[in-house]
Structure formats: C-alpha cells, structure tokens
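Each remark here refers to the structure printed beneath this line.
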Amino acid sequence: MADFHQSGAIATFHKLGKTDLEKIEEELFWYSKERPIALVLPSLYSELEGEALKGIIKKLKDITYLKEVIVTLGQCTRKEFDKARKFFSVLPQETRLIWNNGKRVSDVYKKIHAAGLSLGDAGKGQSAWMAYGYILAQRDIRVIALHDCDIFTYNRELLARLCYPVTNPNLDYEFCKGYYSRVTDRMHGRATRLLITPLLRSLIIILGDIPLLKFLDSFRYPLAGEFAMNVDLARIN
277 MADFHQSGAI
287 ATFHKLGKTD
297 LEKIEEELFW
307 YSKERPIALV
317 LPSLYSELEG
327 EALKGIIKKL
337 KDITYLKEVI
347 VTLGQCTRKE
357 FDKARKFFSV
367 LPQETRLIWN
377 NGKRVSDVYK
387 KIHAAGLSLG
397 DAGKGQSAWM
407 AYGYILAQRD
417 IRVIALHDCD
427 IFTYNRELLA
437 RLCYPVTNPN
447 LDYEFCKGYY
457 SRVTDRMHGR
467 ATRLLITPLL
477 RSLIIILGDI
487 PLLKFLDSFR
497 YPLAGEFAMN
507 VDLARIN
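The sequence shown begins at 277 in our numbering and counts up one residue at a time.
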C-alpha cells in the first residue's frame, strides 16, 4: 500500500482513486488562456535516438493547453542540431530549440562570464537556466513546466498533474514538484533514501532550525526531475 503521510511545510497530492484526465486537461486549457504555459525539455542529442523521447513526443501531440515547448539542447554539432529541429518539428505547439553550444548562445555565455557571473559547467542546469531566460524575455508566459526526456512511462496525466496546481489560480501554488510512490519489494530511490535525506537531517541536527533545510527535507522526493513553477520564481532566481 502507498504511504499517505503528510510531513513538513510541503503538501503532497497523492493519487487517490481514478483521475478524470479529461476534466483536468479541460480546466488547464481554460486556465492557460490567462496563464499561458511553457514546457521546457532539457535534452541530450543521444536521447533523440531513444524510445523514451519518441513516446514523449507522441503524447505531447495531443496536449492542447501548452502555449510553447522550448527544447534546450546539450552539446551537439550543427548537423545534429538540424536533425533535432526536424525531430521536434512534428509538435503542434509553438516550438523553439536552444542550441547551447551554438555560436549565438555561446556568445551570450561569454558576455555573462565577462561580466563576472559564473553559470557553472555546461549541463542540464545551465541549459534550463538559458531556457528560462528566453521565456522571461517573451513576457507572455505565466507558468513554466520542466521534465526530463528519458521517461519511459510518460503519459498525459503526468504533465497535467504537474501543471495543474500552479496554473489553477484558485489554488495559489507557486511551485510543484513530481513525486512517485517507492513502496515495492526493491530499494528504489536509493539516492534520496541513502544520501539526500540523511544528509539534510544531519545538517539540521548540526546547524539547527534553518528554514531552507527544513523546506528541502519536507519534499517526499527532492531529486525528482520534473516540476512546474510560477514564472516569477524564475525571475527572482
């Protein structure tokens, strides 16, 4: 059986019973008229060859509440970038690709470094950060959702449940993070169970009642690779 315990300052929305996906998507469609949603897909070129991303694209074709999809690509050549453009061109939503090691974006990174700001090493975090910058420059997006491109069990419900708490203006949530029940006969979620949770709780014992540490410890699955947030959170971070 699943664990429905609520702990800390973070509310966990458990899946209780059968989800009325059509109702959720219909509400998202109407809410997105006033609160447009952009989906960020940080992707490696190698993932274009995998079955997971092909399945994700197939599901995204049927989603009507997304205003825009932003694919932010890791290291790739010009030829690979052109193939990626063709691969994602089948999406019906307005779709943009960010070539993070292309000349134009590389010039932007150089200017940022020249100004004394460190963005860290190239990777998913840096790619996502650049995508947020593009979205903020558009000025019409109100909700940003992000998930990885290697989810083999991807379905429309995953994205709908991720976007709904932040998009619904009546709920007043600013941030939502994915969570999966890990109650099986296997040791799933090892990084969280054996590293992150013990580390956070050790820091709380050593450093005391620090709000940020308690906030992070309240998440059921802090390493989940998908989340949605109000665009203002991206702006202040």
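Glycine residues also receive a C-beta, built at the ideal position from the N, C-alpha and C atoms. A quick note: this is a predicted structure, and the numbers were derived from the prediction, not measured.
- By the CB criterion at 8 Å, residue 349 and residue 329 fall outside the cutoff.
- Boundaries of the beta strand (DSSP E) around residue 374: 370-375.
- One alpha carbon belongs to residue 403, the other to residue 462, and they sit about 33 Å apart.
- Under DSSP, residue 313 forms a beta bridge with 342 and 419.
- In this structure, residue 312 and residue 337 do not form a Cβ contact; the two beta carbons are roughly 19 Å apart against a cut-off of 8 Å.
- The shortest CA-to-CA distance from residue 433 to any of 416, 454 and 417 is the one to 454.
- Judged by DSSP secondary structure, residue 335 falls within the alpha helix (DSSP H) whose first and last residues are 327-336.
- Looking only at 431, 288 and 436, the smallest Cα-Cα distance to residue 305 is reached by 436.
- Residue 322 counts as exposed, since fewer than 16 other C-beta atoms from the protein chains shown sit within 10 angstroms of its C-beta.
- Rounded to whole angstroms, the separation of the alpha carbons of residue 502 and residue 417 is 18 Å.
- By the CB criterion at 8 Å, residue 324 and residue 285 fall outside the cutoff.
- Of all alpha-carbon atoms in 467, 438 and 426, the one lying nearest the alpha-carbon of residue 300 is that of 438.
- Between residue 408 and residue 510, the C-beta gap is smaller than 8 Å, which places the two residues in contact.
- Between residue 384 and residue 419, the gap from beta carbon to beta carbon reaches 8 Å or more.
- Residue 394 and residue 292 have their C-alpha atoms spaced approximately 44 Å apart.
- With distances taken between CA atoms, residue 320 lies nearest to 363 out of 363, 294, 446 and 392.
- At the C-beta level, residue 497 and residue 465 come within 8 Å of one another.
- Judged by DSSP in its simplified three-state form, residue 452 adopts strand.
- Assignment of residue 504 by DSSP, reduced to helix, strand and coil, places it in the strand class.
- For residue 467, the CB contacts under 7 Å within the same chain, skipping 5 residues up- and downstream, are 499 in chain order.
- The straight-line gap separating the alpha-carbon atoms of residue 485 and residue 479 is approximately 9 Å.
- Beta-bridge partners of residue 318 (DSSP): 348.
- Your pair residue 332 and residue 430 checks out as a contact, with CB atoms roughly 5 Å apart and the cut at 8 Å.
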